[in-house]
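Notes follow once the structure below has been shown.
2 protein chains.
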Amino acid sequence: MARLYHVPLSPFCRKVRLTLAEKRIEVELLEEKYWEPTQDFMRRNPAGKVPVLRHDGKMLSESQAICEYLDETIPNPPLVPKNPDARYEMRRLCTWFDDKFHVEVTSNLLYERVNKKIMNAGYPDSGRIKMGSARIKFHLDYMDWLLGQRRWLAGNDMTLADFTAAAHLSCLDYINDVDWSRSSLVHEWYSKIKSRPAFRTLLADQLPGLPPPAHYTDLDF
Amino acid sequence: MARLYHVPLSPFCRKVRLTLAEKRIEVELLEEKYWEPTQDFMRRNPAGKVPVLRHDGKMLSESQAICEYLDETIPNPPLVPKNPDARYEMRRLCTWFDDKFHVEVTSNLLYERVNKKIMNAGYPDSGRIKMGSARIKFHLDYMDWLLGQRRWLAGNDMTLADFTAAAHLSCLDYINDVDWSRSSLVHEWYSKIKSRPAFRTLLADQLPGLPPPAHYTDLDF
Numbered sequence: 001m002a003r004l005y006h007v008p009l010s011p012f013c014r015k016v017r018l019t020l021a022e023k024r025i026e027v028e029l030l031e032e033k034y035w036e037p038t039q040d041f042m043r044r045n046p047a048g049k050v051p052v053l054r055h056d057g058k059m060l061s062e063s064q065a066i067c068e069y070l071d072e073t074i075p076n077p078p079l080v081p082k083n084p085d086a087r088y089e090m091r092r093l094c095t096w097f098d099d100k101f102h103v104e105v106t107s108n109l110l111y112e113r114v115n116k117k118i119m120n121a122g123y124p125d126s127g128r129i130k131m132g133s134a135r136i137k138f139h140l141d142y143m144d145w146l147l148g149q150r151r152w153l154a155g156n157d158m159t160l161a162d163f164t165a166a167a168h169l170s171c172l173d174y175i176n177d178v179d180w181s182r183s184s185l186v187h188e189w190y191s192k193i194k195s196r197p198a199f200r201t202l203l204a205d206q207l208p209g210l211p212p213p214a215h216y217t218d219l220d221f
Numbered sequence: 001m002a003r004l005y006h007v008p009l010s011p012f013c014r015k016v017r018l019t020l021a022e023k024r025i026e027v028e029l030l031e032e033k034y035w036e037p038t039q040d041f042m043r044r045n046p047a048g049k050v051p052v053l054r055h056d057g058k059m060l061s062e063s064q065a066i067c068e069y070l071d072e073t074i075p076n077p078p079l080v081p082k083n084p085d086a087r088y089e090m091r092r093l094c095t096w097f098d099d100k101f102h103v104e105v106t107s108n109l110l111y112e113r114v115n116k117k118i119m120n121a122g123y124p125d126s127g128r129i130k131m132g133s134a135r136i137k138f139h140l141d142y143m144d145w146l147l148g149q150r151r152w153l154a155g156n157d158m159t160l161a162d163f164t165a166a167a168h169l170s171c172l173d174y175i176n177d178v179d180w181s182r183s184s185l186v187h188e189w190y191s192k193i194k195s196r197p198a199f200r201t202l203l204a205d206q207l208p209g210l211p212p213p214a215h216y217t218d219l220d221f
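Protein sequences, first through last, are from chains X and P.
Using UniProt numbering, count along the first sequence one by one with no gaps and you end on 221.
Using UniProt numbering, count along the second sequence one by one with no gaps and you end on 221.
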């Protein structure tokens, strides 16, 4: 069976979990305190990061590289479009969320509120939280603009770009940092993603001492 | 003709320039002060970053998405392997350099020494420069380890992973921050890349008031 070294509220791990579940690959989840790296862990991934996936005797790291690899080796259901223009748009948006959204929103909200606590790394920086709360509005508006033109973020089919965005937003939703009333299009898009069987693994996460808000698991939120 | 909005010492722009040159796509280079964004620029790329490539009537952003798109639409010479395992390894290493190397080395050395000056953003932070100078050793050693097993970084063929690494290292070489004597394998690898016709565009860069060291343009460095 595949094994994923992960932490529950990591958008990068969640993206891989969504992809594995969508491809119906059974996986054993192992929590890895990557901020206290052991020699074993550094051998699995010298970059010192999660996710790391053990699959078919290989050790794979870097979420985007893992997800594209899974899509190439297990083509159904497809998460990467066939057409080069659509593939470009999917990859552009994966980077949008894994880089820009991550730096401006995820780091400022999730890492300040949760990761610092888990890692015993001091108190949240209120300036950063304020910045993250302001920037998430811009990103929800950008998603609203995209979804005004297409059924899914990168086009009319669901792709890895949707899983990437949903992975980040689901972590922020766990700490009640997403204003779903801002855009009905984004709300509707997240409803569709959230009701997929692949999403169940994320909705089952429970961090000790940090319960999610009631609407987190509610499909009719 | 294609047009690239760029800055000369950006590893992400350089990666696209290398790919365009390798694919023999003529391109007009336009410097873009992305840190003083205009409305026009934000329309071209709402992420507010360079590179942005105008190509075949499209506006393309995000260097990795652009390079994979160019490889898919202009397959020769190939920069992305055919085999899924080799593609995975290439993508893993592209992210290694564009994320880990970028955060640990490029940001600490290049952005402190050069970007802060160009952007009038204060003096270099000596702590960050020290950190970058220490971390680049780890990365050169990792490259040495990879090149001990393969002809190129991701396997026995040259790929986008080599261009990604060379794009970062060439910027650092411009400011004389690479110790080429640390690994003869890395030195030999860089010699091979540097002598490709595609590399000429990078060697011709000259920043006003910031000349490169003599060895920067020397193929026999």
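Idealized CB from N, CA, C, for every residue including glycine.
The C-alpha of P:F97 lies about 40 angstroms from the C-alpha of X:F221.
Inclusion of P:C94 and X:A65 in the CB contact set at 9 angstroms is warranted, their separation being smaller than that value.
Bounds of any beta strand (DSSP E) do not take in X:S181, whose DSSP letter is neither H nor E.
Taking one beta carbon from each stretch, the region 77-87 of chain P and the region 148-156 of chain P have 3 or more pairs nearer than 8 angstroms; the two touch. With respect to chain P, the C-beta atom of X:T95 has a partner C-beta closer than 9 angstroms. For X:R91, at least one C-beta of chain P is nearer than 9 angstroms to its own C-beta. Taking all protein chains in view, the Cβ of P:H168 is crowded by 16 or more other Cβ atoms within 10 Å, so the residue is classified as buried. For X:Y123, the secondary structure class from DSSP, reduced to helix, strand or coil, is coil. Looking at the DSSP output, P:V52 shares a beta bridge with P:Y5 and P:S61. Under the three-state reduction of DSSP output, P:L153 falls in the coil class, being neither helix nor strand. Taking each of X:Y123, X:L53 and X:R24 in turn and checking the Cα distance to X:A2, the smallest one comes out for X:L53.
Beta-bridge annotation (DSSP): P:E28 is paired with P:R3. X:K137 and X:Y174 have their C-alpha atoms spaced approximately 17 angstroms apart. Annotated three-state conformation of X:L207 is strand, per DSSP.
Under the DSSP assignment, P:Y88 falls in the alpha helix (DSSP H) whose first and last residues are P84 to T95.
P:I66 has a beta carbon lying within less than 9 angstroms of a beta carbon in chain X. The residues L219, in chain order, have a CB closer than 7 angstroms to that of P:K194 in the same chain once the five nearest residues on each side in sequence are set aside. Judged by DSSP in its simplified three-state form, P:Y34 adopts coil rather than helix or strand. Between P:L172 and P:T73, the CB-CB gap reaches or exceeds 9 angstroms. For X:P46, at least one C-beta of chain P is nearer than 9 angstroms to its own C-beta. Any Cβ of chain P closer than 9 angstroms to the Cβ of X:D144 would place that residue at the interface, and such an atom is absent. The Cβ-Cβ distance between P:H102 and P:P11 falls below 9 angstroms.
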